[in-house]
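In what follows, a structure is listed as structure tokens, so that the remarks can point back to it.
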Amino acid sequence: MPTFKTSTEWYEQSSLLLKAYPSTTRITSKYRVQKPTPSKIKKRERYAAKQADKPKPEAASEAPDSTTPAADELTASFTLKTYEPASGACLKYETNKAAEVGRLIGNLSRLGRHMAAIPGATEDLSAPAEPMDISTPIGEGDVKMVDAAATDKASGGGGGGGKKKKKGKK
Numbered sequence: 001m002p003t004f005k006t007s008t009e010w011y012e013q014s015s016l017l018l019k020a021y022p023s024t025t026r027i028t029s030k031y032r033v034q035k036p037t038p039s040k041i042k043k044r045e046r047y048a049a050k051q052a053d054k055p056k057p058e059a060a061s062e063a064p065d066s067t068t069p070a071a072d073e074l075t076a077s078f079t080l081k082t083y084e085p086a087s088g089a090c091l092k093y094e095t096n097k098a099a100e101v102g103r104l105i106g107n108l109s110r111l112g113r114h115m116a117a118i119p120g121a122t123e124d125l126s127a128p129a130e131p132m133d134i135s136t137p138i139g140e141g142d143v144k145m146v147d148a149a150a151t152d153k154a155s156g157g158g159g160g161g162g163k164k165k166k167k168g169k170k
């Protein structure tokens, strides 16, 4: 069972596996939150004691020490597996980064399109997202909302990026 180091590798290989076997391939996700073991707590306490004994520079002594974790800090991990039973292929990716969990869950819907045989726009994950330009027709009774930043740019004034006028001395 290969374990991938980056989420993009896992995503690419999983999409290929889903395209090859859309009806039998399954994706499972598991989110674990574990309390640290007593030995981990003791190690963290010893490390914090060592850090407290070291002399600190004056600038750093005012700020709270954010590098030492709390003794009762929880450890969380998110695991994704793509499994195809006929071939025995199992692709695994595990992370403990909170920002990446949301992105991975969002990508699961794209992978699910292959399983459900729903045609969808294929998106390149490495390309930056382009802003969508949506326009709606305005009727007689509708109120038109005007973006202040767009009108300032169109009129050429107040863009915020220009130079300021210097006032003369009196």
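Per full-length UniProt numbering, the sequence shown starts with residue 1, numbered consecutively.
Yeah, the Cβ is synthetic: ideal placement off N, Cα and C, and Gly gets one too.
Given the structure is predicted, the values throughout are model-derived calculations rather than measurements.
Could you give the residue range of the alpha helix (DSSP H) that holds residue i?
i	result
L18	7–20
D76	The question names Asp, but residue 76 is Ala in the sequence shown. Where A76 is concerned, there is no enclosing alpha helix (DSSP H), although the beta strand (DSSP E) it sits in stretches over 75–84.
I118	Careful: I118 lies outside any alpha helix (DSSP H) and carries neither H nor E.
K167	Counting along the chain, K167 falls outside any alpha helix (DSSP H), and DSSP gives it neither H nor E.
Between residue i and chain B, is any beta-carbon pair separated by less than 8 Å?
i	result
R44	You won't find chain B in this structure, because it holds only one protein chain.
For residue i, which of helix, strand or coil comes out of DSSP?
i	result
A148	Here A148 scores only 49 on pLDDT, less than 50, and its place in the model should not be relied on; the value that follows carries that caveat. A148 falls in the helix class under three-state DSSP.
K35	coil
K42	helix
A60	Confidence at A60 is low in this model, with a pLDDT of 49, below 50, so its placement is unreliable and the value that follows should be read with caution. It is helical.
Opposite residue i in the DSSP bridges: which residues?
i	result
A89	E84
T24	T24 is not bridged to any residue.
E94	T79
K30	T79
Suppose the cutoff is 7 Å on Cβ atoms and the five residues either side in sequence are ignored; what does the same chain contact list for residue i look like?
i	result
T24	E84, P85, A86
Residues in the same chain with beta-carbon distance under 6 Å from residue i, minus the five sequence neighbours each way, listed in chain order, please.
i	result
K54	none
T79	K30, E94
L108	none
M1	C90, K92
Indicate, with yes or no, if the ligand FMN has a heavy atom lying under 7 Å from the CB of residue i.
i	result
T24	Of the ligands one can find in the structure shown there are none, so the ligand FMN has no counterpart to examine.
Assign residue i to one of two classes, buried (16 or more other C-beta atoms within 10 Å of its C-beta) or exposed (fewer than that).
i	result
T82	buried
S39	exposed
L74	exposed
Y11	buried
Excluding the 5 residues preceding and the 5 following residue i in the sequence, name in chain order all residues of the same chain whose CB lies nearer than 8 Å to its CB.
i	result
V101	Y31, F78, T95
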